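Asks:
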Amino acid sequence: KMASVVRYSFLLIGIFLRSTSWADSMLQVASLIGAVGNKIIIQCAADKTPQDGVYLYKQVGASKNEQKVFYYYKDGTFRPISEWCRDKVKVNGTFPNFNVTVLNVNATDTGFYWCEFNLEDKISVGKVTWLGIGKSEGKDEEKVCSEDIHHHVKIFLIVCAVMLLLCIAGFIFVILKVSIHTYTKISIEKTWHKPLVNFGFLNPEVKIINA
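Right under this line is the structure:
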């Protein structure tokens, strides 16, 4: 794996050095993951105009030489170069900004793809795209993902419901506690402020006469 990484790094450096202008050599690298049997879209765009045309290159492996897939002229003429290109590749859009659609991809389509624009002898390299191909398990993965999402949503709703019930119970408890405290306070205040009853009539004044 480390050796492959090193080889791919040297490949990118080689693409970088192909450009005749250092200002145009700031490569952008993008990654695409496609499933077997599906189609993928690679974007090609020129930073500067005018351009005479563009080559699409394909690098299947780090140890192999790049392949010219097609040449696309500025007048819209499409010239396939690789046999692989004839039945699998379509160009959509107007030069110099267009999309390359690769149909019915499979494991052999894995690799680097990039566009090289040319104006006479000047070359400018477009964005480099790394294409990886996985197994055609999109539906199963989508189903599993959907089930996981529904499961998490259910858990979230249950937690929210429990928290809501706890909040309601706490609110009711606070109201009851405040009500009881207020009622007790009012009762005590009424007791302290109640007027005293005069019991004088029960104890008639007793006069003592000295002999």
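Numbering (mature numbering (1 follows the signal peptide of the UniProt record, and there is no 0)), first residue to last: -23 to -1, 1 to 188. Quick reminder that beta carbons are idealized off the backbone N, C-alpha and C, glycines included. Values in this document were obtained by computation on a predicted structure and should not be read as measured data.
1. On a Cα-Cα basis, can you pick out the residue from L33, I110, G103 that is closest to Y50?
2. Starting from E97, follow the alpha helix (DSSP H) in both directions and report where the run begins and ends.
3. Name the two residues that bound the continuous alpha helix (DSSP H) containing K65.
4. Among C92, D86, I149, D98, which has the Cα closest to the Cα of A111?
5. Can you give me the C-alpha to C-alpha distance between A7 and C21, rounded to a whole angstrom?
6. How many angstroms separate the CA atom of D98 from the CA atom of E60?
7. Classify T26 as helix, strand or coil using the three-state DSSP reduction.
8. Just to confirm, are N53 and F72 a CB contact at a threshold of 8 Å?
9. Along the beta strand (DSSP E) that carries P57, what are the first and last residues, could you check?
10. CB-CB under 7 Å to V36, same chain, minus the five flanking residues each way: which ones, in chain order?
11. Report the option in V31, N69, I152, V68 whose CA atom is closest to the CA atom of V102.
12. Rank A23, L108, A12, V79 by C-alpha distance to the C-alpha of D64 and give the top, closest one.
13. Along the chain, where does the beta strand (DSSP E) that runs through T78 open and close?
14. List the endpoints of the continuous beta strand (DSSP E) containing A7.
15. Note down, in chain order, each residue of its chain lying with its Cβ closer than 6 Å to the Cβ of N74, except the 5 sequence neighbours on either side.
16. Between C92 and the rest of its own chain, which residues show a CB-CB distance below 6 Å, the 5 nearest in sequence each way excluded?
17. Just how far apart, CA to CA, sit N15 and L108?
18. Assuming K45 is part of the beta strand (DSSP E), what are its boundary residues?
Replies: So, from the listed chains and residues:
1. Position 73 of the sequence shown, counting from 1, holds the residue named residue 50. Among L33, I110, G103, the Cα nearest to that of Y50 belongs to L33.
2. On the sequence shown, position 120 is the one that residue 97 refers to. From DSSP, E97 is part of no alpha helix (DSSP H); its letter is neither H nor E.
3. Locating residue 65 in the sequence shown gives position 88, counting from the first residue. Taken as a continuous stretch (DSSP letters only), the alpha helix (DSSP H) holding K65 covers 60 to 65.
4. Locating residue 111 in the sequence shown gives position 134, counting from the first residue. Per the sequence presented here, residue 111 reads as Gly, with Ala not at that position. Checked all of C92, D86, I149, D98; the closest Cα to G111 is D86.
5. Stepping through the sequence shown from its first residue, residue 7 is reached at position 30. Stepping through the sequence shown from its first residue, residue 21 is reached at position 44. Distance between the alpha carbons of A7 and C21: 12 Å.
6. Within the sequence shown, the letter at position 121 stands for residue 98. Within the sequence shown, the letter at position 83 stands for residue 60. The straight-line gap from Cα to Cα measures roughly 26 Å.
7. By one-based count along the sequence shown, residue 26 stands at place 49. Note: T26 maps to coil in three-state DSSP.
8. Position 76 of the sequence shown holds residue 53. Position 95 of the sequence shown holds residue 72. A small fix is needed here, since residue 53 is Gly in this sequence, not Asn. Yes. Within cutoff.
9. In the sequence shown, counting from the first residue as 1, residue 57 sits at position 80. Looking at the DSSP string, the run of the beta strand (DSSP E) that includes P57 is 55 to 57.
10. As a position in the sequence shown, residue 36 is number 59, starting the count at 1. This sequence places Gln at residue 36; Val is not what is there. Taken in chain order, the residues that qualify are L(-13), E43, G88, F89.
11. Here residue 102 corresponds to residue number 125 of the sequence shown, with the count starting at 1. Here the closest residue by C-alpha is V31.
12. Indexing the sequence shown from 1 puts residue 64 at position 87. The candidate whose alpha carbon is nearest that of D64 is V79.
13. Along the sequence shown, read from residue 1 onward, the residue named residue 78 stands at position 101. Where T78 is concerned, the enclosing beta strand (DSSP E) stretches over 74 to 79.
14. Walking along the sequence shown from the start, residue 7 turns up at place 30. Run containing A7: 6 to 12, per the beta strand (DSSP E) assignment.
15. Position 97 of the sequence shown, counting from 1, holds the residue named residue 74. For N74, where only same-chain residues beyond five positions count, the Cβ hits under 6 Å are A22.
16. Reading the sequence shown from its first residue, position 115 is the one you call residue 92. Once the five neighbours on either side are set aside, the close Cβ partners of C92 are C21, V31, L33, G103.
17. Within the sequence shown, residue 15 is the residue found at index 38, counting from 1. Within the sequence shown, residue 108 is the residue found at index 131, counting from 1. Using only the alpha carbons, I get a separation of about 13 Å.
18. Here residue 45 refers to the residue found at position 68 of the sequence shown. Per DSSP, K45 belongs to the beta strand (DSSP E) from 44 to 50.
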